[in-house]
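Asker: From first to last, the protein sequence lines stand for chains A and V. Numbered by my numbering, the letters in the first sequence go through residues 1 to 124 in order. Numbered by my numbering, the letters in the second sequence go through residues 125 to 328 in order. For every residue, glycine included, the Cβ atom is placed at its ideal position computed from N, Cα and C.
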Amino acid sequence: MSVALLIVDDSGFSRKAMLKSIPEGWDVDITQAANGEEALAALRKGLGEVVLLDLTMPVLDGFGVLEGIRDEGLEAKVVVVSADIQPKAKFRVMSLGALGFLQKPFNKESLAAILAECGVYSEG
Amino acid sequence: MKAEPLNVEENEVLQEVINIGMGQAGASLAKLFDVFVNLSVPRVSWVNDADFIDQVEKLVEGHGSSWAGVRQAFYNQLEGEAFAIYGAAGCQQLAGLIGYVDGDNGAEEELLLDVTNILVGACLVGVAKQIGKKLDFVAPTLVGMGKPISDLLYKRDREWDQCLLIEVNFCLEEGDFSCHLVTLMSEASIEQLRSGLIDFMESY
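1. Compute the distance between the beta-carbons of V:D308 and V:C287, then report whether it is under 8 angstroms.
2. Spell out whether any CB of chain A is found under 8 angstroms from the CB atom of V:I252.
3. Below 8 angstroms, how does it come out for the region 127-144 of chain V and the region 111-118 of chain A: are there three or more Cβ pairs, yes or no?
4. Helix, strand or coil for A:A89 per DSSP?
5. Could one say the Cβ of V:I290 lies closer than 8 angstroms to chain A's Cβ atoms, at least one of them?
6. Please list, in chain order, all residues of the same chain as V:M125 whose beta carbon is under 8 angstroms from its beta carbon, the five residues on each side excluded.
7. Classify A:Y121 as helix, strand or coil using the three-state DSSP reduction.
8. Taking 8 angstroms as the cut-off, decide whether the C-beta atoms of A:I69 and A:L43 are in contact.
9. Does chain A have any CB closer than 8 angstroms to the CB of V:I314?
10. Do you know offhand how far A:E67's Cα is from V:N131's?
11. Quick one: residues in its chain with C-beta nearer than 8 angstroms to the C-beta of V:E302, no 5 flanking neighbours on either side, listed in chain order?
12. 8 angstroms is my cut-off, CB to CB: does A:M94 come that close to chain V?
13. Count the CB pairs spanning the region 183-193 of chain V and the region 92-103 of chain A that are closer than 8 angstroms, and state whether there are at least three.
14. V:S68 versus chain A: which residues are under 7 angstroms apart at the beta carbon?
15. Note down, in chain order, every chain A residue with its Cβ under 9 angstroms from the Cβ of V:F294.
16. State the DSSP-derived secondary structure class of V:K271, mapped to helix, strand or coil.
17. Name the two residues that bound the continuous beta strand (DSSP E) containing V:T307.
18. What residues are listed by DSSP as bridge partners for A:D150?
19. Any residues in the region 104-115 of chain A with a beta carbon nearer than 9 angstroms to a beta carbon of chain V? Which ones, in chain order?
20. In the DSSP assignment, find the unbroken beta strand (DSSP E) run with V:A206 in it and report its ends.
21. Can you name the residues that DSSP bridges to V:E291?
22. For A:L52, report the span of its beta strand (DSSP E) as first-last.
23. Is it right to say A:N35 is buried, meaning 16 or more other beta carbons lie within 10 angstroms of its own, or is it exposed?
24. In this structure, does DSSP put V:M125 in helix, strand or coil?
25. Any beta-carbon of chain V closer than 8 angstroms to the one on A:Q86?
26. Of all the CB atoms in chain V, is at least one closer than 8 angstroms to the CB of A:A39?
27. What does the alpha-carbon distance come out to for the pair A:D10 and A:T56?
28. Is it buried or exposed for V:K257, if we count other Cβ within 10 angstroms and need 16 for buried?
29. What are the boundary residues of the alpha helix (DSSP H) that V:K155 is part of?
30. In chain V, which residues lie less than 8 angstroms from A:G12 when you measure between Cβ atoms?
31. Mind checking V:T265: buried by the 16 CB within 10 Å criterion, or exposed?
This is the structure:
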């Protein structure tokens with residue numbers, strides 16, 4: 001059965017880059033969101049079993065999305081994909097329930113590796 | 125002939141590449157001030173060189189004469205000049221963060237140079253690295269403090285073809301500070317930038 005994958009990033013280019021970097025053969029139904037509010041709306045509809053989440057976004061940022069998931073008791077496995085490389089940012093998202101943290105710029109290999117590490121995707 | 129400005133798609137890639145550079149700048153500032161830095165999405169726009177001073181004043185709502193400016197030239201495959209512009213409030217916030225005594229102009233000057241070095245360095249080096257272009261810097265110099273913006277931007281090496289305006293805001297736990305980066309580049313550099321951005325785009 002295919003996995004509901006939600007891609008959240010305010011940059012259209014960055015969403016495209018993530019789409020193109022998703023492991024081939026991973027059976028996913030993809031939804032995209034351009035900010036945190038859109039992401040939470042999609043999550044409430046069950047469109048994000050697995051979430052690739054940017055942090056720095058207008059309207060509602062990635063920290064806000066993680067708080068929303070926690071406060072509303074939504075089910076989601078979140079991997080943060082961010083240019084914010086402060087150790088404290090990683091610590092914050094992990095303590096808010098994210099499973100993993102991937103630094104931008106990423107590539108196919110680093111994305112596949114973090115997805116495997118978080119147990120949401122396995123190769124082959 | 126003036127360089128063609130970047131198209132919508134190229135600008136979108138540039139915005140993201142700058143975003144990544146700013147993430148690195150934020151981490152460096154966090155280290156310098158020992159605080160957590162909340163990043164915001166940098167605003168990026170192009171303005172024409174001919175009347176760029178007027179346009180910069182408009183964009184930053186930069187009236188009055190309480191601005192400080194630091195200039196840093198860069199060369200190699202990307203070539204131009206960058207100016208960091210700080211409002212009076214921004215300078216005070218910065219000084220407060222590091223615990224400088226009010227009125228110590230020497231210390232404040234040094235701080236502005238350090239912060240500019242971090243911001244311009246992380247931003248432009250970050251961009252150049254991601255798009256595979258070479259870039260070197262000249263050490264930053266203070267152009268002026270307590271001046272109108274037009275005075276700060278007046279002293280340039282030469283006329284450039286295009287001006288890229290980047291607005292960055294860093295929100296620190298101890299107070300916010302914002303700064304504007306004005307980057308002027310040659311036509312050849314815009315073409316280098318464009319080709320690098322296209323390569324970066326196609327690497328996905």
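Answerer: Per the coordinate set shown:
1. Here residue 308 of chain V is taken as the residue at index 184 of the second sequence, counted from 1. Here residue 287 of chain V is taken as the residue at index 163 of the second sequence, counted from 1. The identity of residue 308 of chain V in the sequence shown is Leu, whereas the question assumes Asp. Against a cut-off of 8 angstroms, the Cβ pair of V:C287 and V:L308 comes out as a contact.
2. Translated into positions along the second sequence, residue 252 of chain V becomes position 128. First, the amino acid is wrong: residue 252 of chain V is Ala here, not Ile. With 8 angstroms as the cut-off, V:A252 does not count as an interface residue toward chain A.
3. no
4. Sequence index remark: in the first sequence, residue 89 of chain A carries index 89 (1-based). Helix, per DSSP.
5. Mapped onto the second sequence, residue 290 of chain V falls at position 166. It does not; no Cβ of chain A falls within 8 angstroms.
6. One-based indexing of the second sequence puts residue 125 of chain V at position 1. Any answer about V:M125 is weak, because its pLDDT of 43 lies below 50 and its placement is not dependable; what the coordinates show is given next. So the list reads E311, once near-sequence residues are dropped.
7. Residue numbering aside, residue 121 of chain A sits at position 121 when the first sequence is read from its first letter. Coil, per DSSP.
8. Taking the first sequence and counting its residues from 1, one reaches residue 69 of chain A at position 69. Taking the first sequence and counting its residues from 1, one reaches residue 43 of chain A at position 43. Result yes, Cβ atoms of A:I69 and A:L43 sit closer than 8 angstroms.
9. Position 190 of the second sequence, counted from the start, is the residue given in the question as residue 314 of chain V. Cβ-Cβ to chain A under 8 angstroms: no for V:I314.
10. Position 67 of the first sequence, counted from the first residue, corresponds to residue 67 of chain A. Position 7 of the second sequence, counted from the first residue, corresponds to residue 131 of chain V. The alpha-carbon atoms of A:E67 and V:N131 are separated by roughly 37 angstroms.
11. By 1-based counting over the second sequence, the position of residue 302 of chain V is 178. Reading off the sequence, residue 302 of chain V comes out as Ser, not Glu. Excluding positions up to five away in sequence, the list reads G211, G214, E291, V292, N293 and F294.
12. The residue labelled residue 94 of chain A in the question sits at position 94 within the first sequence. So no, A:M94 is outside the interface.
13. no
14. Outside the shown range of chain V (125 to 328) lies residue 68 of chain V, about which nothing can therefore be said.
15. Position 170 of the second sequence, counting from 1, holds the residue named residue 294 of chain V. In chain order: nothing, as chain A lies at least about 11 angstroms away.
16. Residue numbering aside, residue 271 of chain V sits at position 147 when the second sequence is read from its first letter. In the structure shown, V:K271 sits in a strand (DSSP, three-state: E or B).
17. As a working note, residue 307 of chain V is residue 183 in the second sequence. Counting along the chain, the beta strand (DSSP E) containing V:T307 begins and ends at G299 to M309.
18. What is shown of chain A runs 1 to 124, which leaves residue 150 of chain A out entirely.
19. K104, P105, N107 and K108
20. Translated into positions along the second sequence, residue 206 of chain V becomes position 82. Its beta strand (DSSP E) spans residues G204 to Y210.
21. Looking up residue 291 of chain V in the second sequence gives position 167. DSSP output for V:E291 lists V:R167 and V:H304 as bridge partner(s).
22. Position 52 of the first sequence, counted from the first residue, corresponds to residue 52 of chain A. Run containing A:L52: V50 to L53, per the beta strand (DSSP E) assignment.
23. Within the first sequence, the letter at position 35 stands for residue 35 of chain A. A:N35 is buried by the Cβ-count criterion.
24. Within the second sequence, residue 125 of chain V is the residue found at index 1, counting from 1. Since pLDDT at V:M125 reaches only 43, below the 50 mark, its modelled position is unreliable, and the value read off the structure follows with that caveat. Looking at V:M125 - three-state DSSP - the assignment turns out to be coil, as it is neither helix nor strand.
25. Here residue 86 of chain A is taken as the residue at index 86 of the first sequence, counted from 1. Yes, A:Q86 lies at the interface with chain V (some Cβ there is under 8 angstroms from its Cβ).
26. Looking up residue 39 of chain A in the first sequence gives position 39. Output row for A:A39: interface = no.
27. The residue labelled residue 10 of chain A in the question sits at position 10 within the first sequence. The residue labelled residue 56 of chain A in the question sits at position 56 within the first sequence. A:D10 and A:T56: Cα-Cα distance of roughly 8 angstroms.
28. Taking the second sequence and counting its residues from 1, one reaches residue 257 of chain V at position 133. By the neighbour-count rule (16 or more Cβ atoms within 10 Å), V:K257 is buried.
29. Against the second sequence, residue 155 of chain V aligns to sequence position 31. Residues V132 to F157.
30. As a position in the first sequence, residue 12 of chain A is number 12, starting the count at 1. Going along chain V in sequence order, the residues near A:G12 (Cβ under 8 angstroms) are E136.
31. Start at 1 with the first residue of the second sequence, and residue 265 of chain V comes out as number 141. V:T265 is exposed by the Cβ-count criterion.
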